[in-house]
Structure formats: structure tokens, C-alpha cells
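K.L.:
If you read the sequence shown in the numbering used here, its first letter stands for residue 675, the second for the next number, and so on.
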Amino acid sequence: MASPAASPDSSVPSGPTSDSENLSPDELELLAKLEEQNRLLEADSKSMRSVNGSRRNSGSSLVSSSSASSNLGHLEEDTWILWGRVVNEWDEWRKKKEKLLKELIRKGIPHHFRAIVWQLLCSATDMPVKNQYSELLKMSSPCEKLIRRDIARTYPEHEFFKGQDSLGQEVLFNVMKAYSLVDREVGYCQGSAFIVGLLLMQMPEEEAFCVFVRLMQEYRLRELFKPSMAELGLCIYQFEYLLQEQLPELNVHFRSQSFLTSMYASSWFLTLFLTTFPLPVATRVFDIFMYEGLEIVFRVGLALLQFNQAELVQLDMEGMSQFFQKVIPHQFDSCPDKLILKASQVKFNAKKMKRLEKEYAAIKNKEMEEQIEIKRLRTENRLLKQRIETLEKESAALADRLIQGQVTRAQEAEQNDVIRRELAVAKQQCSSATQNLQRAQSTIRQLQGQQGDRGSAELVSRLQSELQRSRLRENESRGQLRQLQHRLGLLEKDVTELRDVTALQGDPALQDVTELQDVTALRDVTALQRAVVAARLREAQAQGQLRGLRVRLLQLETQGHLLQEQLRVTVTQAQGLQAQLSESHRKHAEAQCKSKEEVLAVRLREAESLAAVAELRQRVAELEIQREEGLLQGQLDHSDAAQYIRQLKGHIEELKAEIRLLRGPLPFGAVALGTRLGDEDSLGSSDDELPPFAHGDIGDLGDMGDIGDSSDSETEGTPAAP
675 MASPAASPDS SVPSGPTSDS ENLSPDELEL LAKLEEQNRL LEADSKSMRS VNGSRRNSGS
735 SLVSSSSASS NLGHLEEDTW ILWGRVVNEW DEWRKKKEKL LKELIRKGIP HHFRAIVWQL
795 LCSATDMPVK NQYSELLKMS SPCEKLIRRD IARTYPEHEF FKGQDSLGQE VLFNVMKAYS
855 LVDREVGYCQ GSAFIVGLLL MQMPEEEAFC VFVRLMQEYR LRELFKPSMA ELGLCIYQFE
915 YLLQEQLPEL NVHFRSQSFL TSMYASSWFL TLFLTTFPLP VATRVFDIFM YEGLEIVFRV
975 GLALLQFNQA ELVQLDMEGM SQFFQKVIPH QFDSCPDKLI LKASQVKFNA KKMKRLEKEY
1035 AAIKNKEMEE QIEIKRLRTE NRLLKQRIET LEKESAALAD RLIQGQVTRA QEAEQNDVIR
1095 RELAVAKQQC SSATQNLQRA QSTIRQLQGQ QGDRGSAELV SRLQSELQRS RLRENESRGQ
1155 LRQLQHRLGL LEKDVTELRD VTALQGDPAL QDVTELQDVT ALRDVTALQR AVVAARLREA
1215 QAQGQLRGLR VRLLQLETQG HLLQEQLRVT VTQAQGLQAQ LSESHRKHAE AQCKSKEEVL
1275 AVRLREAESL AAVAELRQRV AELEIQREEG LLQGQLDHSD AAQYIRQLKG HIEELKAEIR
1335 LLRGPLPFGA VALGTRLGDE DSLGSSDDEL PPFAHGDIGD LGDMGDIGDS SDSETEGTPA
1395 AP
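(1) At 4 residues or longer, what runs of the alpha helix (DSSP H) sit wholly inside the region 904 to 989?
(2) Report the option in Ala1253, Val1225, Gln1154 and Arg1226 whose CA atom is closest to the CA atom of arginine 1212.
(3) Less than 8 Å between the beta carbons of leucine 1329 and leucine 1290, yes or no?
(4) Which residue marks the beginning of the alpha helix (DSSP H) containing serine 1008, and which one marks its end?
(5) With DSSP collapsed to three states, give me the class of histidine 786.
(6) List the whole-angstrom C-beta distance separating leucine 1251 from alanine 1107, where the pair is believed to meet the contact cut-off of C-beta under 8 Å.
(7) Helix, strand or coil, according to DSSP, for valine 1020 in the structure here?
(8) On the criterion of 16 or more Cβ atoms from any shown chain inside 10 Å, does glutamate 1280 qualify as buried, or is it exposed?
(9) Is there contact here, the region 856 to 865 with the region 782 to 802, by at least three beta-carbon pairs under 8 Å?
(10) Quick one: give me the first and last residue of the alpha helix (DSSP H) that alanine 852 is part of.
(11) Write down the C-beta distance between alanine 641 and phenylalanine 883 rounded to the nearest angstrom, noting that I regard them as a contact closer than 8 Å.
(12) Going by CA-CA distance only, name the one from Ile1093, Gln1019, Ala798 and Lys1032 that's closest to glutamate 1264.
(13) Compute the beta-carbon to beta-carbon distance between glutamate 1031 and leucine 908, rounded to the nearest angstrom, for a pair I have assumed lies under 8 Å.
(14) Tell me the rounded alpha-carbon separation between alanine 1201 and glutamate 1140.
(15) Do the region 916 to 931 and the region 826 to 833 make contact, defined as three or more Cβ pairs closer than 8 Å?
(16) When we look at the beta-carbon of methionine 850 and count the other beta-carbons within 10 Å, is it buried (16 or more) or exposed?
(17) Could you have a look at glutamate 1166 and say whether DSSP puts it in helix, strand or coil?
(18) Where lysine 1268 and glutamate 1332 are concerned, what is the direct C-alpha to C-alpha distance, given to the nearest angstrom?
(19) Figure out for me which residue from Ala1071, Glu992 and Ala939 has the closest Cα to the Cα of leucine 979.
(20) Assuming contact is defined by CB atoms lying nearer than 8 Å, are leucine 924 and valine 987 in contact in what I supplied?
(21) Whose C-alpha, out of Ala1205, Leu1322 and Glu1066, is nearest the C-alpha of valine 1287?
(22) Let me know if glutamine 1238 comes out buried or exposed under the rule of 16 or more other beta-carbons within 10 Å of its beta-carbon.
(23) Going by DSSP, what residue range makes up the alpha helix (DSSP H) through glutamate 772?
(24) According to DSSP, is alanine 1285 part of a helix, a strand, or is it coil?
(25) Three-state secondary structure (DSSP) at glutamate 1354?
(26) Roughly how many whole angstroms lie between the Cα atoms of serine 854 and lysine 900?
(27) Can you tell me which of Ser808, Phe834 and Asn848 puts its alpha carbon nearest to the alpha carbon of leucine 820?
(28) What three-state label does DSSP hand lysine 900 in the structure shown?
(29) Applying the 10 Å Cβ sphere with the 16-neighbour rule, what's the burial state of threonine 1246?
(30) Between which two residues does the alpha helix (DSSP H) holding phenylalanine 835 run?
(31) Measure from the alpha carbon of arginine 1095 to the alpha carbon of each residue in Arg1075, Leu1228, His1262 and Asp824, then state which is nearest.
(32) Three-state secondary structure (DSSP) at cysteine 1267?
(33) Is it the case that the Cβ atoms of tyrosine 1034 and isoleucine 779 are separated by a distance below 8 Å?
(34) Going by CA-CA distance only, name the one from Ala1024, Asp800 and Phe947 that's closest to valine 971.
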């Protein structure tokens, strides 16, 4: 049997009460002996020893009593008899002697009976979950790492829980793991380990597990240890009301020093003073908690503040924190009955607590509704921010597109200027080619006028015919000359033969005849010679004329070739100039078509910009309306909502500036482009051709600043949330 975790506590001295009238003389005698025993045990320091072992036996406690002095033996026997009767006749005591049982519990449950009495008080003796405990230990829990981490910090100075592999840490881990599997919503909370540790000091782990499950289910502890800790907020709210009602001066001091109730009272409710008082005092409080519930926590807390009110009002925040940590825990080590008596005298109205619970529930419901509304507004604000970011991106994209369009129009204007210059050059070349063609045509006409009505071709053909006739006459003259030369040769031959015959014959008659023939022949020869000379003269003349004709023919042929070459060059130049002129006309037509397309594209972009600007204005108006509605409903007085309103106004101002930038240069650029291109279909500059938005709505956008100013004044006039 392990040594006890705490000594039996001394009873609260009190006179006879109304409950004593229902007791028999034997019971009154036992009660008096019990009070005497408690006083003697309190004086005996040897009776307080820590737990040093454990055994798994549902019929006995984990801790045993220390050896009492010999003069207290008969009192211990009387106490055993009294609590033995209570345990054996439990149903009768709970129903018929409830007030006496309450008084006995406030005087302190003997440590021998704590295990069974705690189980009886919470009805944990026969629970179905006890049979599941061994199966739960075989399962795996998601909270095991957290439990292992916090076990070493649970009662670190207690012998039963010292050491990493100690029995106390092992059984504590088992119970916490089993409960985390039974109640997965709560899982594991660090403060609950101290309660389980106290139970393990008194009973085996299976019974401690059952008692802990019952405490969580029936004693409001489960609501305390939920992740939301809603019950803790209710307890703090009720405690603050009691503090304000019963200790107003101390409450004012706490508020002036910003010393919140949760800073010192949270551990009281979560650990039931197990982390505040030493184990003997904390166990006495836990005894009463098992019977009365969380009411004892309120009573003990207020009793502590009543005891120390005079000292606390003299301290600042840091001093009060040190006082709660170092002074209060050890004030009642030697006399816990004084604290219990003071706590029993604290005013506690259960009906008023119920009313406070309803008020707190109403406040929480209102806060929950406000939180839901705030979440809704934040979600809507986030969506609006996303929409604003989207609009900003679209505005930036529109601005980029406008800038790109302006750059493109400038480039196109430069290209149009280059095309105009090329067209002017082409027109100049065309006019030069036309002039050259006209000059060539006039030259051809002049050449044709010099040759008369006949063309140069007829002149060439006439000259060629004359040349042929001259050649024929030359051939005839040459033939006649050859004939005459042949005849002359024949005549010379005949004369020679006649001279030879005359010389041979020597006949004078013949000589006369011969001489006569010679004279005749000479005459004929002379005539022939003259004819030959005349023929040669004619031939020389014909050859001279032929040479002149040849020279003239060569001159005419040369002139004809030059004229043909010049005509061919002129025709080629005219064709090239005509092709350049056609190409220039085609480029000019293309440039005009492209300019018209660009003007149409500019108009389309302007229409898109106008639509985007209109959408932005509509969205800005919706945001302003929503903000004004939120201010009228009083739901946006919170600091973060006001800050968001300021951010929205900043975004609205930026959007208005971007709208001014978008609306400013576009019509002017479009008009300038149409003017540069010279297109009759380009954007006009008259007021009738511009959309209504381009003239009147920019002023409306400027008036939107008045809305923002009015919203500022409304915001400044509305009190900010604390």
C-alpha cells in the first residue's frame, strides 16, 4: 500500500447545527471524536507523506495512511467506523442525511475512504466504459505526442510521478490516452492531467479513468476543456460579477491596474486549485468539489480575495502577479479549515448564477452574430478587394493598351509620313518621266517633220532602191566596157594581121587599101577609145554617186538606229515610271485603308475604354452605397472596418485618377490621328460626334471626391469601437 497523498484534514470548528438534531447520540459522539482526531492529526507532522507506489486493485486505494501515534488509535477507529457506516449505508445518507454528509465532506474525507467515496459521489462504481479501457490502450491516439510532452510537467516534484519511466507517468499516460480516444472532440487538454494525477494518487488507473469520464460528463469539466473553452469564459464572467458585487473596492483596483480576472482565476477553474495550493489543501477543495461541483471554486476564489484584499489594493500589477504566485499558495498550509470555513461563508446565489449564465449566453450569441457579420463583411471586403485588384489590373491593362495604341499610332504616323514622302518622290518621278516622254514624242515628231510626209522607213527603202539601180547601172557599164575592150582587142588583132599581110605582099594597091583600112580602123579605134573614156567617166560618176549614196545611207541608218534606241529607252523609262506610278497609287491606297482600319480600331478601343470606365464608376458607386449602408447600420464602427473604409477610399481615389488619365488623352489622340491621316472618316473633333460621357461625366467623376469627403466626415463623427 502506497503512502497517502495528503493527511486527513482537520474539521471546521462549529457549534451544533440544525442537522445535528437528526443524528443519534452515537453519531454525535462519533462526530465530536472525528473533530478531535482531525485536530490531533493536523498537529502530527508525521502523518503527511507522499505516494510512493501503486497497485491495480479496485478494492483498495493507491495510498495508505501513515502510522499514527498511539494516543490517536481509538480516534482513527471511530473515524473508520463513521465513514464505514457512511459507505455501507450510502443510499440512505445521500437521500436522508444529505446535509450531514455535506458537513462531513467539508470537514474532510479520510484518505482511507477517498477512493471509494469519490466513486460513490460521482456514481462511477459501475460504468460500461471501464470494460473498454484495456481495448482503448491497444489503440493509437493522435494526441500521444502532446501527452508525452506534458507528462513530465505534471506534479514534477511528486515522488509518484518523478522519473521518465516511472509508474505514475505510465498510468497517467494510459488514462489520458484512453480518454482522448473516448472523447475525440476534447481530445487532450494540459490542465486535465493534474486532475487525473490526483485521481491516480487515490485509486487504480481503471477506476481513475471511470471517475475522470464521469467528472467530464457531469461536472461541466468537458465544456471547460473543449478547444473553444466556452465554459471557462462563463465562469470568468460569473466570478467577475461576484467580485464586483462583494469586493467592489478590489474590483476597481484590478480594473485600474488592468489586472484581468483571467490572469489569476483561469488556472483555478481548469485545475481546481491543484496547481495553486499544496496537495493537502487542494485535496480538501477537491473533496468538496466532488460533492458540490464548481460552486466551491467560486467560493474558495472569493475567500482568497477577501483574505488578501488589504494587501492587494496596495500593489501594482506586477506585485499582484507575484503575490498570487508566491504568497497565496502557502497561506493555508497549516490551517486549511480556515479557508474552507471562509469559503462556506461566501454568498453564492444559484439562481443569480443561472441568470448570469443566460446573460452570458445572450452576450455570446450577440458576439457570435457580430462575429458572423464581421466575417461576412470581411469576406465581402476580401471579395471587394479582389474585385478592386481585378479592376486595377484591368485599368492597368487598359492604360497599357492605350499607351501601346498611342505608340502604334505614332509609328503609323511616321510610316504614313514616309509613305507620303515616297509618294511625293514617285509623283515627281512620274511627272519627270511624263515630261521626258513628251519630249521624246516631240523629238520623234520633229524627226518625222524633217523627213516630210514619208517616214524614215520609206526614205531608207528609196535609198536602197536607188542604190540597187546604181549597182545595176554600174554592172551594165562594166559589161559594156568589157565588150568594148573585147572589140578593141579584136580590132587591134585584125590591124596587126593586116600589117603583116601588107608587108609580106609589097603590093602598092594593097598598101593603099591597107592604109585606107588602117585609117578606117584608126578612126574606129579612136571612136571606141572615146566611147571607152566616156564609159569610164560615166562609171566614175556612177561610182561617185554610189559612194555618196552609201555615205547618205550610212548616215540615215545611223540616225535611224539612234532614234530607235532613243525611242526604246524612252518607252522603257515611260513603262518604269508608269509602274512606279501604279505602285505609288497602290501603296497610297493601302496606306489609306490601313489608316481607316486604325481609326476604326481606335474607335473600338475608345468604346471599350468608355465601357470599362462606366463599369468602374458603377462599381465605385456600389462600394460607396455599401459603405454608407454599413455606416447607417452601425456595423462598421470597428477599427478594422474603419481602416478598411479608408483603404477603400484610397482605392477609389486611385481609380478616379486612373479614370481621368484614361478619359483625358484618348479623344484628342484619335482626332489628331484622323487629322494626320487626312481621312474623312476619322474621328471628328466636334462635340456632336463625341459620346456624352466624354463631356459631362468627367465632371461627375470629379464630384465623387465630395462623396469621399462626406464619408470622411461621417466616419469622424461616428465613435470608434474600443
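Ideal placement from N, C-alpha and C gives every residue a C-beta, glycine not left out.
P.N.:
So, to answer that:
(1) Within the region 904 to 989, the alpha helix (DSSP H) runs of at least 4 residues that lie entirely inside it are, in chain order, 904 to 920, 922 to 930, 936 to 945, 953 to 966, 969 to 981 and 983 to 986.
(2) Gln1154
(3) Less than 8 Å separates the beta-carbon of leucine 1329 from that of leucine 1290.
(4) No alpha helix (DSSP H) contains serine 1008, which DSSP labels as neither H nor E.
(5) Per DSSP, reduced to three states, the secondary structure at histidine 786 is coil, with no helix or strand assignment.
(6) About 3 Å; that satisfies the 8 Å criterion.
(7) coil
(8) buried
(9) no
(10) 841 to 856
(11) Past the edges of the chain, shown from 675 to 1396, lies residue 641, and the structure says nothing about it.
(12) Ile1093
(13) 6 Å
(14) 31 Å
(15) In short, these stretches do not touch, since the Cβ pair count stays below three.
(16) buried
(17) Three-state result, glutamate 1166: helix.
(18) 30 Å
(19) Ala939
(20) Their beta carbons are under 8 Å apart, which means leucine 924 touches valine 987 by this criterion.
(21) Glu1066
(22) exposed
(23) 772 to 781
(24) Three-state DSSP puts alanine 1285 in a helix.
(25) Low local confidence applies: a pLDDT of 38 at glutamate 1354 is under 50, so the model's placement there is unreliable, with the coordinate-based value given in what follows. Coil, per DSSP.
(26) 12 Å
(27) Checked all of Ser808, Phe834 and Asn848; the closest Cα to leucine 820 is Asn848.
(28) coil
(29) exposed
(30) Taken as a continuous stretch (DSSP letters only), phenylalanine 835 belongs to no alpha helix (DSSP H), as it is neither H nor E.
(31) Nearest of Arg1075, Leu1228, His1262 and Asp824 to arginine 1095, Cα basis: His1262.
(32) helix
(33) no
(34) Phe947
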